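Below you'll find the structure, written out as structure tokens, and then a few comments.
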Amino acid sequence: MKVIQEIENGTSSGLDLLRDTSRDRLTLCFPGVGSAFARKNNPTCLIIAKGGQTILVDAGTSIPNALETRGIAITAFDYYHITHSHADHIGGLEELLLYSHYVLDKKPRMILTENYRDLLWERSLRGGCEHAVDGTLGFDDLAEFVLPSQVASEPRELYEVEVAGVKLTIFRTVHIPTGEDTTRSAFWSTGLLIDDRVLFTADTRFDPALFDQLPMDGVEVIFHDCQLYDPGVVHPTYTDLKTLDAGLRSKMHLTHYGDTFEEFDPASDGFAGFARPWAMYQ
Ligand SMILES: [Zn+2]
Ligand SMILES: [Zn+2]
């Protein structure tokens, strides 16, 4: 994948640009490439566009503002998918749901596995979204759901769904390992394989087994989260990722990075580079 164009600050309708650009091919764009604690970039967030339709993957607290800089309303996407419940990935969801419900009278379409749909509502969204002046609302009063089917449980849970002409394979990641066992997590977190061609880890700890357990043959590009300081506990560090083989590194664009990125030269370490905010990849 190559950067074909950047969506510039002040663009009046960035989503129309993405829709047009994606008419004949898969197009990706990151409104945010930063870590949870970054200030120079918004938190990592991905737009998948294909055939003129769009899927927003994650919506951290500052993402509605970030989208606005390119003339995009948080409510304008055809579908939404959420990888896990940290605020840098879900903090913008209450605005999406409440504005859609009370102002636009519409339900965003959310791609969520059934178990995570319930967790996301019960543990995170319900507190701010449930109460209305005329009673209480459930998640299904506020959103419609596309439920991927589980296709594997071992060695890693996999779920699949096709939406907007895009095949999404959702795989469990180990973002917060549970105790000493670094292959399991009680915390729900997932990454995405997009059209069997693009691997997006979202948030995970360093987990090289991932590359043995996913169908990597057709994968052309990897967008991998990367923490720029050691040690890594809930993310892989730059030092960890440098130990991967050259073939993997050459496909790897780093995401979810902190504000010291200017001190690094990923190309000199065999990586494809840092993912660039608002660049359109095709
Ligand atoms: Zn994160
Ligand atoms: Zn996280």
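In terms of this note's numbering, the sequence shown opens at residue -18 and continues consecutively. Glycine residues also receive a C-beta, built at the ideal position from the N, C-alpha and C atoms. Just so we're clear, the structure is a prediction, and the values are computed from it rather than from any experiment.
For G116, DSSP records a beta bridge to A113.
With a cutoff of 7 Å on beta-carbon distance, A145 and D59 are scored as near each other. A distance below 7 Å between beta-carbons, with the five flanking residues on each side excluded, links E76 to the following residues of its chain, in chain order: P45, I55. For H205, the enclosing beta strand (DSSP E) stretches over residues 202 to 206.
In this structure the stretch 146 to 162 does not lie against the stretch -13 to 0, because fewer than three pairs of beta carbons, one per stretch, are closer than 8 Å.
In the DSSP assignment, K148 falls within the unbroken beta strand (DSSP E) covering 147 to 153. The three-state reading of DSSP puts P45 in helix, counting H, G and I together. Counting the other CB atoms within 10 Å of its CB gives N96 a total below 16, which places it among the exposed residues. In terms of side-chain proximity, the C-beta atom of H237 is found no nearer than 6 Å to any non-hydrogen atom of ligand 2. About 27 Å separates the beta carbon of G213 from that of R178, a gap too long to meet the 8 Å contact definition.
Set against 6 Å, the gap from the CB of H67 to the closest heavy atom of ligand 1 is smaller. The stretch 110 to 126 makes no contact with the stretch 9 to 17; the number of CB pairs closer than 8 Å stays below 3. Ligand 2 has a heavy atom closer than 6 Å to the beta-carbon of D184.
In summary, Y210 is exposed, with fewer than 16 beta-carbon neighbours lying within 10 Å of its beta-carbon over all protein chains present. If you check the CB distance, V127 and I92 come in under 7 Å. Inter-residue distance for G108 and D162 is about 32 Å (C-alpha atoms, whole angstroms). Shortest Cα-Cα distance from H205 to any of P217, G199, Q194 involves P217.
Counted as a single uninterrupted DSSP element, the beta strand (DSSP E) harbouring L174 occupies residues 171 to 175.
Taking 7 Å as the cut-off, the beta carbon of T25 is found no closer than this to the beta carbon of H234.
Distance from the CA atom of I(-15) to the CA atom of R98, rounded to whole angstroms, is 35 Å. Q194: member of the alpha helix (DSSP H) spanning 191 to 194, first to last residue. Cβ neighbours of E(-13) within its own chain (closer than 8 Å, five residues either side excluded): R257, W259, A260, M261.
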